[in-house]
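Quick note on my numbering: the sequence shown kicks off at 8 and runs consecutively.
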Amino acid sequence: LLGLTEDTTCSDLSRILGRFRRLHPQVAVRTKVRMSLVLRELLERGELDAAIVQVFADEIRASDIVLFREALHWAKSTELVLPVEGAIPFLSFDDQCFYRQWALEVGPGGGAHLETVFECSSAAGIVAGVNAKLGIALLSDRYIGPGMEIIRDRLPSPPPLAYVVRRARKSRNPALDSLIAEIEAEVSRQGGLALTA
Numbered sequence: 008l009l010g011l012t013e014d015t016t017c018s019d020l021s022r023i024l025g026r027f028r029r030l031h032p033q034v035a036v037r038t039k040v041r042m043s044l045v046l047r048e049l050l051e052r053g054e055l056d057a058a059i060v061q062v063f064a065d066e067i068r069a070s071d072i073v074l075f076r077e078a079l080h081w082a083k084s085t086e087l088v089l090p091v092e093g094a095i096p097f098l099s100f101d102d103q104c105f106y107r108q109w110a111l112e113v114g115p116g117g118g119a120h121l122e123t124v125f126e127c128s129s130a131a132g133i134v135a136g137v138n139a140k141l142g143i144a145l146l147s148d149r150y151i152g153p154g155m156e157i158i159r160d161r162l163p164s165p166p167p168l169a170y171v172v173r174r175a176r177k178s179r180n181p182a183l184d185s186l187i188a189e190i191e192a193e194v195s196r197q198g199g200l201a202l203t204a
């Protein structure tokens, strides 16, 4: 059983899983799509064999396979004017998002605070909210698009991210090893997981 985050299902990874299934029809690959924190909990409880999750770079374990790294940014529409003081409108992933937990814990400081005005569990929804000028959001490199700007002042710099393959503590089998090796090789060739339409 493999765990994936929502953003990886919209990437080359779906194609890699499809190809693996065709090449290894005797291997059953079941997939659960959840937020990274939920996937990590499922791994700890032994309910998944492995998962591809996002972590802050300083949380990488020696046993993790690092697929690639990305920067995390505060982003907004170029047309959104932020208030000089007081509440800053914040577009947030749901409660199970470690970006959200970090943002609310650290906060902007200087008398300002984040006010969650939009909450969504999908990256597509957060990007749409930023483009609609609803507020600011924490987005990784892959989601910073035209019409957005990175906020470099007033807010603490977010920590860098890594996408890792993390295995359950006692999970070892040749089919899983083969799948992980194929994912790692494909990501190395591509330099990351490209988003697909």
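Beta carbons are placed, not taken as given, at the ideal position from N, Cα and C, and that holds for glycine.
Remember, predicted model here, so these are calculated numbers, not experimental data.
Exposure label - residue i; buried when at least 16 CB within 10 Å
{"i": "Ile157", "result": "exposed"}
{"i": "Leu9", "result": "buried"}
{"i": "Lys177", "result": "exposed"}
{"i": "Arg196", "result": "exposed"}
{"i": "Ala69", "result": "exposed"}
{"i": "Arg174", "result": "buried"}
Cα-Cα separation between residue i and residue j, rounded to whole angstroms
{"i": "Ser99", "j": "Arg41", "result": "16 Å"}
{"i": "Leu20", "j": "Ala139", "result": "29 Å"}
{"i": "Leu111", "j": "Phe63", "result": "16 Å"}
{"i": "Thr123", "j": "Arg29", "result": "44 Å"}
{"i": "Leu183", "j": "Leu162", "result": "41 Å"}
{"i": "Val208", "j": "Pro32", "result": "Nothing about residue 208 can be reported from this structure: the residues present for the chain run from 8 to 204 only."}
{"i": "Asp14", "j": "Tyr170", "result": "11 Å"}
{"i": "Gly53", "j": "Leu46", "result": "10 Å"}
{"i": "Arg160", "j": "Ala82", "result": "Strictly speaking, residue 160 in this sequence is Asp, with Arg absent from that position. Roughly 11 Å between the two C-alpha positions."}
{"i": "Asp5", "j": "Arg107", "result": "Since the first and last residues shown for the chain are 8 and 204, residue 5 lies out of range."}
{"i": "Arg179", "j": "Thr12", "result": "22 Å"}
{"i": "Ser164", "j": "Leu121", "result": "15 Å"}
{"i": "Arg26", "j": "Ile67", "result": "28 Å"}
{"i": "Gly93", "j": "Pro115", "result": "10 Å"}
{"i": "Arg22", "j": "Ser185", "result": "16 Å"}
{"i": "Val113", "j": "Leu89", "result": "19 Å"}
{"i": "Glu51", "j": "Pro166", "result": "24 Å"}
{"i": "Trp109", "j": "Gly152", "result": "23 Å"}
Nonlocal neighbours in the same chain, by C-beta distance under 8 Å from residue i, ignoring five residues either side
{"i": "Val136", "result": "The identity of residue 136 in the sequence shown is Gly, whereas the question assumes Val. So the list reads Leu98, Phe125, Cys127, Gly142 and Ala144, once near-sequence residues are dropped."}
{"i": "Val172", "result": "Ala57, Ala58, Ile59, Asp71, Ile72, Leu74, Ile187, Ile190 and Glu191"}
{"i": "Leu49", "result": "Gly10, Lys39, Arg41, Leu55 and Ala58"}
{"i": "Leu168", "result": "Gln61, Val62, Phe63, Ala64, Arg76, Glu77, Ala78, Leu79 and Ser147"}
Own chain partners of residue i with C-beta closer than 7 Å, once the 5 adjacent residues on each side are dropped
{"i": "Thr85", "result": "Gly154, Met155 and Glu156"}
{"i": "Leu87", "result": "Lys140"}
One or two residues paired with residue i in a DSSP bridge
{"i": "Leu9", "result": "Thr38 and Ala57"}
{"i": "Phe97", "result": "Thr123 and Ile143"}
{"i": "Arg174", "result": "Ala57"}
{"i": "Phe75", "result": "Tyr170"}
{"i": "Gly116", "result": "Ala119"}
{"i": "His80", "result": "Leu146"}
{"i": "Val62", "result": "Ala169"}
{"i": "Ile157", "result": "Ala82"}
Under 8 Å between C-beta atoms of residue i and residue j
{"i": "Glu193", "j": "Arg149", "result": "no"}
{"i": "Leu24", "j": "Val34", "result": "no"}
{"i": "Ala119", "j": "Ile95", "result": "yes"}
{"i": "Leu79", "j": "Ser129", "result": "no"}
Close beta carbons around residue i, own chain, < 6 Å, minus the five adjacent residues each side
{"i": "Val134", "result": "Tyr150"}
{"i": "Leu44", "result": "Gln103 and Phe105"}
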